[in-house]
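J.: In terms of mature numbering (1 follows the signal peptide of the UniProt record, and there is no 0), the sequence shown is residues -22 to -1, 1 to 128.
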Amino acid sequence: MRATPVAATLLAALLAPLAGCARDDGAAATDGPAPTTAVPVVLTKSGGIVGLQDTVTVQPDGRWTRVDRAGASRTGRLSDADLDRLRHLATDSRLAAEAAVTIPATMCADAFSYRLTVGPTMSSYVDCPPDATPPPATSAVVDLLTRATG
């Protein structure tokens, strides 16, 4: 007995959600998913000689919006690799430690300031080479989002 096109379509629709569960890397499906964040990630870059004020907001599914100080916006979606990297960085325990550090006053003129918010965690730094080295987890997210949302 041959399946009718309707039955075949129904079967395909029922099995489609399970397709994402299959793994071809040889690992067991019980390894668990990659770390995820269920909150938006918000990066604000401000300062510089022109008084920059850009805010990038990335939704948990990778959709992003970049808004400048004039209110102009651009949108896009992170690549799968960038989204995976962001998810790992957003769940990095170093972010909470970096958020607890007080930012010292800077002697730089026209430096850029970065403020990163992931859920209740907010970390920041001023990009001023003579000052302390930027916090590694925060600056990794800044670098990723700056490159990916350019």
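Glycine included, C-beta positions come from ideal geometry on N, C-alpha and C.
1. Quick check: the stretch 89 to 98 against the stretch 15 to 35, are there 3 or more CB pairs under 8 Å?
2. Sort 127, 112 and 90 by Cα distance to residue 29 and report the nearest one.
3. Do three or more CB pairs link the stretch 108 to 126 to the stretch 60 to 74 at distances below 8 Å?
4. Cα separation between residue 83 and residue 105?
5. If you check the beta carbons only, do residue 35 and residue 20 fall under 8 Å apart?
6. According to DSSP, is residue 47 part of a helix, a strand, or is it coil?
7. State the DSSP-derived secondary structure class of residue 117, mapped to helix, strand or coil.
8. In terms of residue numbering, what span does the alpha helix (DSSP H) encompassing residue 62 cover?
9. Quick check on DSSP: helix, strand or coil for residue 80?
10. Roughly how many angstroms separate the alpha carbons of residue 46 and residue 93, rounded to a whole number?
11. Do the CB positions of residue 40 and residue 52 come within less than 8 Å of each other?
12. Considering only residues of the same chain and omitting the five flanking positions on each side of residue 102, which have a CB-CB separation below 8 Å?
13. When you compare each of 48, 71, 70 and 38 to residue 58 by their alpha carbons, which one comes out closest?
14. Just mark residue 107 as buried or exposed, buried being the case when its beta carbon has 16 or more other beta carbons within 10 Å.
T.: Checking against the coordinates, here is how it stands:
1. yes
2. 90
3. yes
4. 12 Å
5. yes
6. coil
7. helix
8. 58 to 68
9. coil
10. 15 Å
11. no
12. 81, 91, 92, 93, 94 and 116
13. 38
14. exposed
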